[in-house]
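Participant: Just passing along the structure, written as structure tokens.
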Amino acid sequence: MNSHLTFSSLDLNQLNSDFNADLGGAGASVTFTGFVRDFNVKGKLDGLELEHYPGMTENALQELANKSRAKFHCLRLVVVHRVGKIENHEPIVWVGAASHHRQSAFDAAMYTMDVLKQSVPLWKKEWMDGKAIWVDAKDSDKIAASRW
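Residues in the sequence shown are numbered from 8 upward in steps of one, following the working numbering.
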């Protein structure tokens with residue numbers, strides 16, 4: 008199972024099953040799923056759209072997964088991220104981290120999400136009342152990534 012981008016809906020049951028198969032000496036497995044919210048500070052959203060730079064984005068995602076795996080001594084670490092148009096309440100990102108100990112699995116998942124928003128080239132448009140609005144990076148995301 009490798010980290011990757013997909014235009015398809017995420018099958019959470021399948022991701023969890025595939026990830027947890029044959030974990031060997033793992034003492035802990037942690038997963039995180041991020042969902043598209045139906046609101047922002049300006050009001051109700053109609054969904055969002057993620058654009059990426061083919062090749063570059065996949066490489067950055069895999070590099071982050073490799074770095075997280077090494078940094079937290081994970082037996083397995085996988086990131087699956089949606090791109091394209093995504094409806095409200097749909098899963099947008101899934102992270103699985105497996106390690107000998109729970110703390111490193113939790114830390115790896117948290118680190119991966121915090122750093123992903125700063126290091127993986129994805130561009131987000133939110134749809135509101137039939138109009139697309141590009142979303143700027145949040146200061147809170149920069150702060151979260153910098154604590155690592």
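Glycine residues also receive a C-beta, built at the ideal position from the N, C-alpha and C atoms.
#1: Rounded to whole angstroms, what's the CA-CA distance from Pro-61 to Ser-106? Just pull it up for me.
#2: Alpha carbon to alpha carbon, how far is Asn-20 from Ile-140?
#3: Could you please give me the residues that DSSP links to Lys-132 through a beta bridge?
#4: Under 8 Å by Cβ, that's how I've got Thr-64 and Val-142 pegged, so tell me the actual separation to the nearest angstrom.
#5: Which stretch, first to last residue, makes up the alpha helix (DSSP H) that contains Val-122?
#6: Along the beta strand (DSSP E) that carries Lys-92, what are the first and last residues, could you check?
#7: Taking DSSP's pairing of strands, which residues face Pro-98 in a bridge?
#8: Have a look at Asn-47 and Val-122 and give me their C-alpha separation to the nearest angstrom.
#9: Out of Asp-29, Glu-58, Phe-42, which has the shortest C-alpha to C-alpha gap to Leu-17?
#10: When you compare only the Cα positions, how much space is there between Met-120 and Val-102?
#11: If we count the other Cβ atoms within 10 Å of its Cβ and call it buried at 16 or more, is His-11 buried or exposed?
#12: Check for me: the alpha helix (DSSP H) holding Leu-68 runs from which residue to which?
Facilitator: Once the coordinates are examined:
#1: Answer to the nearest angstrom: the Cα atoms are 30 Å apart.
#2: 32 Å
#3: Glu-56, Trp-141
#4: 16 Å between Cβ atoms; not a contact.
#5: 109 to 126
#6: 91 to 93
#7: Phe-42
#8: 22 Å
#9: Residue Phe-42 is the option with its Cα nearest to Leu-17.
#10: 8 Å
#11: exposed
#12: Element bounds for Leu-68: 63 to 78.
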